[in-house]
Every structure is written in C-alpha cells, then in structure tokens.
Amino acid sequence: MISAASDPRMREQGARIMRKITWSVIGLCWMWVGCAEKKEVVKVAPQVTTRAVQPEEIYNQAVAALQAGKLEEATAKLQQAIGKWNKEPRRLADAYYNLGVIAMKRRDWDTARRHLAKVVELQPTHRDALLNLGVVLKEKHDYQAAIKHYQQALKKVPRDALVMNNLIMLYRLSKQYKQAEKTGHLLLARAPNNVEAYKNMTLIYYDQGKYKMAELLCINAGKMLEKKRQQDPKVKDDPGIYANLGMIYLKLGKTKKALAQFHKALEVDPSHRDALLNIGAIAHRFRDYATCQKVYQKVLDRHPDDITALRGLAYAVYGSGKAKEAIALFEKVVKKAPEDKRAVYILGDIYYTFLHDYQKAIQYFNRYRAAMGRALAKDDPVHNRLQAAQAKLQMATQLKKEEEEARRREEQKRRKALKKSQAESPAQKKEGQEKLREMLKGQEGKEGQEEQEKTGQSGSSDEQGAPADDKQKSGQADSQKEPQPVSSKKEKKGEEAGSRKPATPDQAGSKDDKAQPVKKPPASEPTTDKPKDDKKEKGK
C-alpha cells in the first residue's frame, strides 16, 4: 500500500486542493468586508481650557481705554479690577486714582474728591493723589481747604517742589501775598533752577501791580527753561512764559511787544487759550473785529463753555454791525453768566433798535434795572430807552387795534351786502342791473359832450394863433430867462439871502404877451403850489 506522503502526485494534488480552499476562504472574506455596514465616525470635541482673566490684565485694559479717551469702558474695567483686588491696598490705590482722574476729566469734582481721598486713605504718601486732591479743591474755589491740604501734604512728602508750587499758587489766589512770597523764596533757595517757581513769583508781583519786578522774574524763567532745553533737548518750550510776559507788557503800555509775545506763545501751542484771548482783546481795542471773531472762535472750538471767549465773540459780532446775529450769542452769555448786566442791556437795545420788538426790549431793560439795583444812576440811558419802548409799544398796540377794527367793519359791510344780495328777488336784481346800465349810458353821454366842447375850444384858439396853453408856456419860458437886475439895495440884499422877489410881467417878457408870469417861491421856502389841472386851464 502506497502512502500519500510517499506519492508525489498525491502530494501535488493535495496542495492544489489546499490552494483552492485558501483562495475560496479569501474570496469569502472580501465579500463579507464589502457588504459590511459602514460605521459612523464620532468626532470628539477638543477640550477648551478656560483661563481666568487676571485683575492685572483687566487693569491694563482700563489704562489703555483711559489713554484712548474711552472713559466709560475704562470706568467699567477699573471697577471690575477693584472687585478682584480686595486685599491689595497698593493696587487698589492705583485703581481708585485712575477713577479720580476720569472724574476730573468729566469735571465731576465731588466724585473726583471722593476717589482721591480713598487713594490717600489706602496709601498716605501717594504724591499724585495728594496733588490732584488739592487741584480739585482749588477748582471748587475752596482755597482755604486746599491750602490746609497742601500744608498737611508737605508733612507726608517734605520739600516736594510740585506741592510747594501749588501752595504758592493758592496763596496768590487767596491774596495772601506775603505767605506766597515767603514760600516762593524758600523753594528757590532749595531749587534755584525751578522754572515753575519763577513763573509763580512772576504772577505774585503781577497781581500786586509790581510789573517791572514781574517782568524781571518772567525773563529769568525763560532763561532757566532755555538752559534746561540745552541740557536736554526733550524738554519742551513753555508757551505760558511768553503769554505771561505779554500780559506784563500790556500793563506797561507796550502793546507791540505784548502782541509779539502772544504770537510766540501760539508758535509753541497754536491753541493756547490765554494768548488767543489777549490777541482778541487787543484786536477789539483797535476795532479789528475780523481778528476778534477768528481767535475767539478758535478758543470756543477747543473750550465750548469758555465764557470769556463767548462774551468776546458776541461783542465782536455786534461791533461789526451784525446785531441780529449777535442776539443768539448774547443770549448764551446771559444764560451762562446772569450777572453780566452789560450783556442784558445790549440785548434790550438790539431788540429796540434793530428788531423793533418793544415787548422783549422792555423785558431786558427791566431786567437790567433790577440787576443794577441801587447802583443804577439817574442819568443811565436805560431810563429813556425804557420810556421810549413803552410809548412805542402802546402806539403799536393802538394801531393794531384800529386796523383790526377797520377789518372788522369791512367784513361786516361785506356780509351785509352779501346777505342783502341773497335776499333780493330776481325782479329786484333785474331792476338793479337796468339802473346800472342807465347810469353807465348817462356817463358815456356826458363824456362825449365834454369832448365836443373841448374840440370847439381848440378850433377857436387856432384862429387866434397859438393855443392858450402854448402862450402860457411861452410866458413861463420867458419868465425863466435872466431877470432884469434890481436897482434897490434892499432887493439886492434879499437876492443874496435867497429871497428875491418874483419878476414882473414887464421884466419877464413882452408887453404884448398876455401870459401870466410864473411866480416862483423864495429859494429858502418849500414850494406849496399844487400842480394845475390841465382841463381847467384850457377851459378858461
């Protein structure tokens, strides 16, 4: 018996069978894979890691918004940062300080004072908060409280130049000149090159009328600043020094020098308020109203609530002859500064003189009188103006009543005639129309008769030669020729005085000329003769 393992043919046949089986299995597997159901791929969302925003980042965003002028956004972020910095006094102080700065930009002095006081409470030596708190008190015109505050601040930040300069300014504003000079000399002894100290000392002597001393100190301030600029090119020029020197020159009567200094200030800062206002004042003095309007408007573009610029613009427009345009400006002045009595009077004068609105004129004149009170002089022009305005208002009221009465009567007549016409019967209307036609025919016949009479008179005058009217014209022409000289001395004197007697017929023309002489009135008297009626002249 032969085994399959020893027979080569058997082994080959078995291998073929195995290969077939293998390929069959592989084919079945491919068929199963192709027919298998597709599974949906599930995408897993990536995990988002939320990072807590740090209060420092919020604070930096607030500072950036503040620098960009976005005050609302800056306020919200600062308050958010304050909520996260409950137990960090230094950072809380910085946040409250910036809230105080925002309130100062809004001129909300009470809010600014509250925030800055909180800063000083958290950090007593916060120099900027100490400075700004004094500025807030100064803006509220509480000079004594500001002085006391800076005196206390010098105990916390001794010999601080900025605090001392602000204290000098407050002494000057409260007219404590001796204390101001003492503090100024003390500061200059410690800081001889302090430009602000020289500027403050300049104003102290200026306010006291010591203009020569003020001029010297102001020039020294400019020299000190120039030295600093030479040492450090980053130091900017100060337009305030030029403006102060210009004001001193104005007081010394040196207008040209003053104007030059104001223009120097504008070269450094084209929108410098004091320089622009002083240029406007000088221009107004010389009636240069165009320049006045230009500089005052420039100030108002930058500072819309500036009452000095608004008042100057109102007077400049009024002075240039534009009284009606000045009304709105003066009304703004009176609204912002009710104590401006002169503006109130001018408003009354404009309504009286230019608009003839006597009712409003009376209102402003009475308001002016009330504002003046006992200081109103007996010879003040408002008395005559008010009396004249009241009289004219009464006349205008009476005239209006008369006109209304005339219109009322005319309307009554019209209605009465209409009512009568509507009440008439057709026969009455026809009778009225017949009467009207007869009246028109009679008028036409009368006019024809008059025309025939004129034609007959014209023919008779042709037979005599020239028409009577022509003769009269001829006589008039002759009478207008050179008259014969008058021999009487009295008459000569009368001629020289412009009251010469009229020429006689013998002097005016020919004896045969039947025309009457034209009597001229004396040159010194108005002509009262009415023009002659042509029809009557021809009928004579």
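In terms of our numbering, the sequence shown is residues 503 to 1042.
Built from N, CA and C at the ideal position, the CB exists for glycine as well.
- For methionine 715, same chain residues with a beta-carbon under 7 angstroms away, outside a window of 5 residues either side, are Tyr707 in chain order.
- Counting only runs of 4 or more residues that sit fully inside the stretch 566-598, the alpha helix (DSSP H) segments are 573-586, in chain order.
- With contacts defined as CB atoms closer than 8 angstroms, valine 565 and asparagine 588 fail to qualify as a contacting pair.
- Under the three-state reduction of DSSP output, threonine 627 falls in the coil class, being neither helix nor strand.
- In this structure, the CA atom of glutamate 769 is about 20 angstroms from the CA atom of aspartate 734.
- In this structure, the beta-carbon distance from valine 621 to glycine 636 does not fall below 8 angstroms.
- Inter-residue distance for lysine 915 and alanine 908 is about 11 angstroms (C-alpha atoms, whole angstroms).
- Taking the C-beta atoms as reference points, leucine 778 is found nearer than 8 angstroms to valine 801.
- Taken through DSSP and simplified to helix, strand or coil, phenylalanine 856 comes out as coil.
- By the beta-carbon neighbour count (other beta carbons within 10 angstroms, threshold 16), aspartate 881 is exposed.
- Straight-line spacing of the CA atoms in lysine 837 and glutamine 732 works out to 49 angstroms.
- When the five nearest sequence neighbours on each side are left out, the beta carbons in the same chain lying within less than 6 angstroms of the beta carbon of alanine 839 are those of Ile809, in order along the chain.
- By the CB criterion at 8 angstroms, alanine 745 and histidine 774 fall inside the cutoff.
- The shortest CA-to-CA distance from methionine 726 to any of Pro694, Glu575, Asp771, Gly748 is the one to Pro694.
- In the three-state scheme derived from DSSP, where H, G and I count as helix and E and B as strand, serine 822 is classed as coil.
- Separation of alanine 682 and leucine 747 (C-alpha to C-alpha, rounded to the nearest whole angstrom) is 20 angstroms.
- Lysine 902 has its alpha-carbon roughly 40 angstroms from the corresponding atom of lysine 937.
- Where alanine 647 is concerned, the enclosing alpha helix (DSSP H) starts and stops at 645-658.
- In the three-state scheme derived from DSSP, where H, G and I count as helix and E and B as strand, histidine 617 is classed as helix.
- Closest by C-alpha distance to valine 638, out of Tyr652, Thr627, Lys684, is Tyr652.
- When rounded, the separation of the alpha-carbon atoms in glutamine 625 and leucine 573 is 24 angstroms.
- When the beta-carbon positions are compared, isoleucine 750 and tyrosine 700 stay at least 8 angstroms from each other.
- For leucine 878, there is no enclosing alpha helix (DSSP H), since its DSSP letter is neither H nor E.
- In the structure shown, glutamine 799 falls within a helical segment according to DSSP collapsed to helix, strand and coil.
- A straight line joining the alpha-carbon of glycine 823 with that of tyrosine 853 spans about 14 angstroms.
- Judged by DSSP in its simplified three-state form, arginine 910 adopts helix.
- Between leucine 580 and alanine 597 the beta-carbon gap is near 5 angstroms, inside 8 angstroms, which marks them as a contact.
- Under the criterion of beta carbons closer than 8 angstroms, alanine 648 and lysine 640 qualify as touching, at roughly 5 angstroms.
- Judged by DSSP in its simplified three-state form, glycine 686 adopts helix.
- Burial state of aspartate 740 is buried, judged by a 10 Å Cβ sphere holding 16 or more other Cβ atoms.
- When rounded, the separation of the alpha-carbon atoms in alanine 873 and glutamate 841 is 7 angstroms.
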